[in-house]
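Input: a single structure, listed below in structure tokens.
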Amino acid sequence: MPNSQWTNESVLRFANGDDPVDAITRRAREVVVTAMDAGWTGPPFDPLELARHLQIEVLPRNDVRDARTVPVDGKARIEFNPSRPRGRMRYSVAHEIAHTFFADCTERIRNRASYHELIGDDWQLEALCNIAAAELVMPFAKLPEFLEPLTIDAIAETRAKFDVSAESILMRVVKMTTGPYAAFCASRVETGANAGKYRLDYVIPSPAFRRTERGVLLPESTVLRECTAIGYTAKGDELWWNDEMVHVEAIAIPPYPGLSSPRVVGIIRTSEAAQLSLITYLKGDASEPRGTGPRMVVHVVNDATANWGGTGFANAILRRWPEAQTAFREWTTKEGHRLGATHFFRVDSDLTIASMIAQAGYGPSARPRIRYGALESCFEHVSAAAIEQGASLHMPRIGCGQAGGRWEIVETLLSEVFSSRGIQITIYDVPDQHARRQDEQTALRL
Numbered sequence: 072m073p074n075s076q077w078t079n080e081s082v083l084r085f086a087n088g089d090d091p092v093d094a095i096t097r098r099a100r101e102v103v104v105t106a107m108d109a110g111w112t113g114p115p116f117d118p119l120e121l122a123r124h125l126q127i128e129v130l131p132r133n134d135v136r137d138a139r140t141v142p143v144d145g146k147a148r149i150e151f152n153p154s155r156p157r158g159r160m161r162y163s164v165a166h167e168i169a170h171t172f173f174a175d176c177t178e179r180i181r182n183r184a185s186y187h188e189l190i191g192d193d194w195q196l197e198a199l200c201n202i203a204a205a206e207l208v209m210p211f212a213k214l215p216e217f218l219e220p221l222t223i224d225a226i227a228e229t230r231a232k233f234d235v236s237a238e239s240i241l242m243r244v245v246k247m248t249t250g251p252y253a254a255f256c257a258s259r260v261e262t263g264a265n266a267g268k269y270r271l272d273y274v275i276p277s278p279a280f281r282r283t284e285r286g287v288l289l290p291e292s293t294v295l296r297e298c299t300a301i302g303y304t305a306k307g308d309e310l311w312w313n314d315e316m317v318h319v320e321a322i323a324i325p326p327y328p329g330l331s332s333p334r335v336v337g338i339i340r341t342s343e344a345a346q347l348s349l350i351t352y353l354k355g356d357a358s359e360p361r362g363t364g365p366r367m368v369v370h371v372v373n374d375a376t377a378n379w380g381g382t383g384f385a386n387a388i389l390r391r392w393p394e395a396q397t398a399f400r401e402w403t404t405k406e407g408h409r410l411g412a413t414h415f416f417r418v419d420s421d422l423t424i425a426s427m428i429a430q431a432g433y434g435p436s437a438r439p440r441i442r443y444g445a446l447e448s449c450f451e452h453v454s455a456a457a458i459e460q461g462a463s464l465h466m467p468r469i470g471c472g473q474a475g476g477r478w479e480i481v482e483t484l485l486s487e488v489f490s491s492r493g494i495q496i497t498i499y500d501v502p503d504q505h506a507r508r509q510d511e512q513t514a515l516r517l
């Protein structure tokens, strides 16, 4: 749905001129990386623990239908029904955490409600909270390769392994694919002139999928009508948005509280968009970037010293380009040495060194020293510079050595910051030393 069609006052105030879907996704990610930097771990990522981190009171109550946010003494309290299926319960708590992102969350009780129970355009607020909830329960899950190409059958088989709802895994998986896919949720209109029709509550696209209109009515003959009971699936090719033929695969999930008709979530795919492959993995040395044209070598440094040492990749850059380290040290003297900042040094017209301050301190530590929030900020700086220079990016598995980070998290941040901007990334893994010695010895015998 274009920005001009967003009408909910809470949504508009929250988005502050930005696209509301982008704004809620960004806010959820900020909460996630801050919590992870403070020690929140997974998977599974526990939304109850996240609520405690955010200092939100959470109260189990069997008399609550699903979950709700209740104002108590000027603060928001989350109440949830603990008898709901575990995946559903976790998603509902995450949904209510998302309600607290909105400034007016303490003005009245917010029940997790159906599209048709909501007044006017309140459905827009609920749709955004669903999107945020998926980010909170599956922030950086790395899904199995067999999910490509995406099918609703593979999704249904996999979701239980992640202890999440079908809705949340769908919204996460489309952000990890390079194909022309989108996740959607639709609900059956039960009253009024459009009773019996299905309406799109939201559409979450992959970088290669271009249509995102929400709130539209689907064709009366849509295959979604076949999803009459929870777990039922349907597949077909049909015309959506009046002019777009899409392949649809859908599954029925529990209805909104208070309604009898199941909601329907699923995947839509177009055939016209090209498959994108923006991250390439190679065996080699990132300090010897492959290819031609403008290139940028990217690495992580800490916020405690301006001198690069140790055995990490920064030391390799120091040995190869000592002038980059000198320039970095001079820059920190003038500009400060803070997490989230990035220094760029031009070696020549086609090579730049990007030094990202995303590690808190150095040396042994009980907790990882990588700070994902700072890393994401640095990625934004690198993205802007790469676009300006028309440069490709080259790096090892940054943040996962001495900084102690997890590659699935770093990889997801890379994909989500850079993929929509068409920036090519090459990741270098050092060849296995034992295997390389064996190959060398074999070659000598030949």
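So in our numbering the end of the sequence shown lands on 517, straight run, no missing numbers.
Glycine included, C-beta positions come from ideal geometry on N, C-alpha and C.
From a predicted model like this one, the values you see are computed outputs, not experimental measurements.
Runs of beta strand (DSSP E) wholly within the region 299-356 (minimum 3 residues, chain order): Every beta strand (DSSP E) stretch that sits fully inside the region 299-356 and reaches 3 residues is listed by chain position as 304-311, 315-324, 334-340, 350-354.
With 16 other CB atoms within 10 Å as the buried threshold, where does Leu130 fall? By the 16-neighbour rule on beta-carbons within 10 angstroms, Leu130 is exposed.
Segment contact, 8 Å Cβ cut-off, at least three pairs: the region 357-368 with the region 265-273: With contact defined as three or more Cβ pairs closer than 8 Å, the region 357-368 and the region 265-273 are not in contact.
Enumerated in chain order, which unbroken segments of the alpha helix (DSSP H) with a length of 4 residues or greater are wholly contained in the region 438-468? As for any alpha helix (DSSP H) of minimum length 4 sitting wholly inside the region 438-468, the runs are 443-460, ordered along the chain.
Through-space distance from Val335 to Tyr186, alpha-carbon basis: Summary for Tyr186: the model assigns pLDDT 44, below 50, so the residue's position carries little reliability; its value from the coordinates is reported in the next sentence. The alpha-carbon separation between Tyr186 and Val335 amounts to approximately 13 Å.
Exposure label - Ala345; buried when at least 16 CB within 10 Å: Confidence is the limiting factor: at Ala345 the pLDDT is only 39, short of 50, which leaves the residue's position unreliable and the question unanswerable from this model.
For Asp500, which three-state DSSP category applies? If DSSP states are grouped into helix, strand and coil, Asp500 belongs with the strands.
Would Val317 and Thr341 qualify as a contact pair, given that the criterion is a beta-carbon distance under 8 Å? In this structure, Thr341 lies closer than 8 Å to Val317 by Cβ.
Endpoints, alpha helix (DSSP H) assigned at His124: Run containing His124: 118-124, per the alpha helix (DSSP H) assignment.
Quick check on DSSP: helix, strand or coil for His414? Correct three-state label for His414: strand.
Where the alpha helix (DSSP H) through Met107 begins and ends: Its alpha helix (DSSP H) spans residues 91-108.
Reduced DSSP secondary structure (H/G/I, E/B, other) of Ala377: Here DSSP, grouped into helix, strand and coil, assigns Ala377 to coil.
Apply the 10 Å Cβ neighbour rule to Asp93 and answer buried if 16 or more other Cβ atoms are within range, or exposed otherwise. Result: exposed.
C-beta atoms of Ala122 and Ile180 nearer than 8 Å: A distance of 8 Å or more separates the beta carbons of Ala122 and Ile180.
If you compare alpha carbons, which of Ala198, Arg148, Asn152, Gly475 is closest to Gly286? Minimum Cα distance to Gly286 is reached at Ala198.
Using beta-carbon positions only, say whether Val82 and Gln195 come within less than 8 Å of one another. Yes, they are a contact pair.
Leaving out the 5 sequence neighbours to the left and right, which residues in its chain are closer than 8 Å to Ile223 when beta-carbon positions are compared? Answer for Ile223: Thr304, Lys306, Glu320, Ala321, Ile322, Gly337, Ile338, listed in chain order.
Burial state of Ser154 (16 or more Cβ within 10 Å): Per the 10 Å Cβ criterion, exposed.
Determine, using beta carbons only, whether Ala431 and Leu410 come nearer to each other than 8 Å. Yes; because the gap between Cβ atoms is below 8 Å, this pair is in contact.
Other residues of its chain near Trp311: CB distance less than 6 Å, five sequence neighbours each side excluded: Same-chain partners within the cutoff: Val317.
DSSP state of Ser486, grouped into three classes? Note: Ser486 maps to helix in three-state DSSP.
According to DSSP, is Ala224 part of a helix, a strand, or is it coil? Just to set this straight, residue 224 is Asp in the shown sequence, not Ala. It is helical.
Taking the DSSP output, what are the residues bridged to Glu150? According to DSSP, Glu150 shares a beta bridge with Leu130, Arg139.
Host alpha helix (DSSP H) of Phe551 (start-end): The chain is shown from 72 up to 517; residue 551 falls before or after that span and cannot be answered.
Give me the Cα-Cα distance between Thr78 and Gly407, rounded to the nearest whole angstrom. Answer to the nearest angstrom: the Cα atoms are 43 Å apart.
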